[in-house]
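Novice: Below you'll find the structure I mean.
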Amino acid sequence: MQPDIERELIRKCKAGDSRFYEPLVRAYEPSGLRLAVAMLGNLEDARDALQEAFVKTFESLHRFDLRRPFGPWFFQILRNHCRDMLRSRQARFKLEVLDEKLELRPADAGASPERQRQRSAARELLWRALERIGEEHREVLVLKELQGFRYNEIAKILDIPEGTVASRLFHARRALKEALEEMGASFAQEY
Amino acid sequence: MPQRVSHEDLMRFIDGELSPDEHARVESEVAASTELARELAIFKSLKSGFQDLSFQADTYHHSVWDAVNTNLTRPVGWILMIVGVAAWMAYGVYVFTRSPVDPWEKLAVGAVVIGMILLLASVIWERYRDWLTDPYRDVYR
């Protein structure tokens with residue numbers, strides 16, 4: 089969504105008209121759901137979190153500075169809500185085989201059955217390793233690898249200095265590598 | 049020889065967050081160090097693994113908009129209903145107290161209405177107290 093259109097929609101929402109909130113919800117829903125699924129591990133909790141985060145965001149719009157981008161602000165609210173859910177034990181990170189409910193990227197559609205099987209096994213291994221590493225490590229990896237945010241955006245979402253992002257990513261990647269190795273994955277042939 | 053590429057630099061290198069000059073510097077350091085090249089290969093391999101993990105959440109068809117919209121518009125409905133009911137009740141009480149019926153009749157009707165309100169309030173309070181101490185209230189399913 090173009091920034092000026094987004095700003096105009098937010099301005100109208102700030103005036104209390106929730107009709108103009110729909111395009112924003114629909115624009116940020118796919119990436120929001122990806123973040124919530126990756127943080128909570130399953131689709132049902134993720135949808136609950138996403139829905140509640142959108143409501144919270146609307147109710148907090150009066151505090152939103154129109155000069156700032158909406159995305160990182162919304163993802164910060166969503167990320168905090170997912171963490172609250174995990175802490176209040178309304179949800180716990182529980183693994184769900186995503187393939188049952190979510191379609192794979194189109195690139196997978198043309199792959200041979202053997203290649204698809206290998207990818208599926210690798211995906212499950214990585215997903216299980218993500219389940220093993222801590223919440224702090226998981227969220228920074230999700231924001232970088234699944235959401236594709238730049239370091240400055242991640243810093244805003246996590247409310248940390250930009251310089252800390254690289255350090256957190258290093259520790260998260262190392263933790264993920266160790267988790268994968270404990271699960272039998274080998275990096276020996278990779279280089 | 050001390051390593052001149054920090055772990056943070058390596059992360060920025062992999063994620064394309066370095067300036068062209070810094071990128072070239074890290075690249076030459078990596079070319080000169082087997083250890084660094086090995087580390088870089090592992091991190092790159094981890095990164096590429098995420099491409100297979102990605103999924104298209106937007107193909108999950110049911111939007112949350114309807115539920116969000118319901119949550120946003122419901123408070124307005126409640127406020128209107130409560131204000132309306134309060135206004136009608138106040139008007140009813142006013143008309144009833146001004147009516148020419150026998151004071152004993154007013155007293156009896158008033159006692160019935162107040163009694164019903166007290167009973168309803170006590171049931172609501174009891175349910176609320178139970179909910180506060182319910183060990184399973186956070187259990188969804």
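Sequence order for the protein chains is W and Z. In this note's numbering, each number is its position in the first sequence, counted from 1, plus 88. In this note's numbering, each number is its position in the second sequence, counted from 1, plus 48. We treat Cβ as the ideally placed atom computed from N, Cα and C, and that holds for glycine.
On the criterion of 16 or more Cβ atoms from any shown chain inside 10 Å, does Ile98(W) qualify as buried, or is it exposed?
Specialist: One-based indexing of the first sequence puts residue 98(W) at position 10. Classification of Ile98(W): buried, given that the 10 Å Cβ count is 16 or more.
Novice: Label Ala138(Z) either buried or exposed according to how many other C-beta atoms from any shown protein chain fall within 10 Å of its C-beta, with 16 as the threshold for buried.
Specialist: Locating residue 138(Z) in the second sequence gives position 90, where the first residue counts as 1. Counting Cβ neighbours within 10 Å, Ala138(Z) comes out exposed, since fewer than 16 surround it.
Novice: Note down the Cα distance separating Val185(W) from Asn117(Z), rounded to an integer number of angstroms.
Specialist: Against the first sequence, residue 185(W) aligns to sequence position 97. Against the second sequence, residue 117(Z) aligns to sequence position 69. The pLDDT assigned to Val185(W) is 48, lower than 50, so where the model puts this residue is not dependable; a value taken from the coordinates is nonetheless given after this. Approximately 30 angstroms, taken between the alpha carbons.
Novice: So which residues of chain Z does Gln139(W) contact, with C-beta pairs closer than 8 angstroms?
Specialist: On the first sequence, residue 139(W) is found 51 positions in, with the first residue counted as 1. Neighbours of Gln139(W) on chain Z, chain order: Val112, Ala115, Val116, Asn119.
Novice: Give the list of continuous beta strand (DSSP E) stretches no shorter than 3 residues that lie fully inside the region 194-230 of chain W.
Specialist: Entirely contained in the region 194-230 of chain W, not one beta strand (DSSP E) run reaches 3 residues.
Novice: Report the three-state DSSP secondary structure of Pro148(Z) (helix, strand or coil).
Specialist: Here the question's residue 148(Z) lines up with position 100 in the second sequence. Coil, per DSSP.
Novice: For my contact list, Leu229(W) and Leu174(W) are in at a C-beta cut-off of 8 angstroms; report their separation, rounded to the angstrom.
Specialist: In the first sequence, counting from the first residue as 1, residue 229(W) sits at position 141. In the first sequence, counting from the first residue as 1, residue 174(W) sits at position 86. The pair is not a contact, with the Cβ atoms about 16 angstroms apart (cut-off 8 angstroms).
Novice: Measuring only between beta-carbons, confirm whether Glu110(W) sits less than 8 angstroms from chain Z.
Specialist: Within the first sequence, residue 110(W) is the residue found at index 22, counting from 1. With 8 angstroms as the cut-off, Glu110(W) counts as an interface residue toward chain Z.
Novice: I'd like to know if the region 256-270 of chain W and the region 155-162 of chain W are in contact, where contact means that at least 3 CB-CB pairs between them fall below 8 angstroms.
Specialist: With a cut-off of 8 angstroms, the region 155-162 of chain W and the region 256-270 of chain W do not count as touching, because too few Cβ pairs lie within range.
Novice: Got a sec, what are the start and stop residues for the alpha helix (DSSP H) Ile248(W) sits in?
Specialist: Your numbering for residue 248(W) matches position 160 in the first sequence. No alpha helix (DSSP H) contains Ile248(W), which DSSP labels as neither H nor E.
Novice: Consult DSSP for Met271(W) and reduce its assignment to one of helix, strand or coil.
Specialist: Position 183 of the first sequence, counting from 1, holds the residue named residue 271(W). DSSP places Met271(W) in coil when its eight states are reduced to three.
Novice: The alpha helix (DSSP H) with Arg110(W) in it runs from where to where?
Specialist: Within the first sequence, numbered from 1, the residue matching residue 110(W) stands at position 22. Here residue 110(W) turns out to be Glu, not Arg, going by the sequence shown. That run of the alpha helix (DSSP H) goes 110-128.
Novice: Answer with buried or exposed for Leu123(W), where buried requires no fewer than 16 other C-beta atoms within 10 angstroms of its C-beta.
Specialist: Position 35 of the first sequence holds residue 123(W). Burial call: buried.
Novice: Under 8 angstroms, Cβ to Cβ, is there at least one residue of chain Z near Val185(W)?
Specialist: Within the first sequence, the letter at position 97 stands for residue 185(W). The pLDDT assigned to Val185(W) is 48, lower than 50, so where the model puts this residue is not dependable; a value taken from the coordinates is nonetheless given after this. For Val185(W), the answer is no, since every Cβ of chain Z falls outside 8 angstroms of its Cβ.
Novice: Please report the distance separating the alpha-carbon of Glu94(W) from that of Arg207(W).
Specialist: As a first step, residue 94(W) must be located in the first sequence, where it is residue number 6. As a first step, residue 207(W) must be located in the first sequence, where it is residue number 119. Cα to Cα, Glu94(W) sits roughly 37 angstroms from Arg207(W).
Novice: Would you report the Cα separation of Glu65(Z) and Val74(Z), rounded to the nearest angstrom?
Specialist: Counting from 1 along the second sequence, the entry for residue 65(Z) is found at position 17. Counting from 1 along the second sequence, the entry for residue 74(Z) is found at position 26. Cα-Cα distance, rounded: 12 angstroms.
Novice: Spatial neighbours of Met89(W) within its chain, please: C-beta separation below 6 angstroms, excluding the five flanking residues on both sides.
Specialist: What you label residue 89(W) is simply residue 1 of the first sequence in a count that begins at 1. Answer for Met89(W): Ala115, listed in chain order.
Novice: With DSSP as the reference, label Ser148(W) as helix, strand or coil.
Specialist: Looking up residue 148(W) in the first sequence gives position 60. DSSP places Ser148(W) in coil when its eight states are reduced to three.
Novice: If contact means a Cβ-Cβ distance below 7 angstroms, which residues of the region 246-260 of chain W contact chain Z?
Specialist: Those would be Ala254, Ser255, Leu257, Phe258, in chain order.
Novice: How many Å lie between Asp178(Z) and Val253(W) at the Cα?
Specialist: Mapped onto the second sequence, residue 178(Z) falls at position 130. Mapped onto the first sequence, residue 253(W) falls at position 165. Whole-angstrom Cα-Cα distance: 45 angstroms.
Novice: Leaving out the 5 sequence neighbours to the left and right, which residues in its chain are closer than 7 angstroms to Lys144(W) when beta-carbon positions are compared?
Specialist: Numbered from its first residue, the first sequence carries residue 144(W) at position 56. For Lys144(W), where only same-chain residues beyond five positions count, the Cβ hits under 7 angstroms are Ile165, His169.
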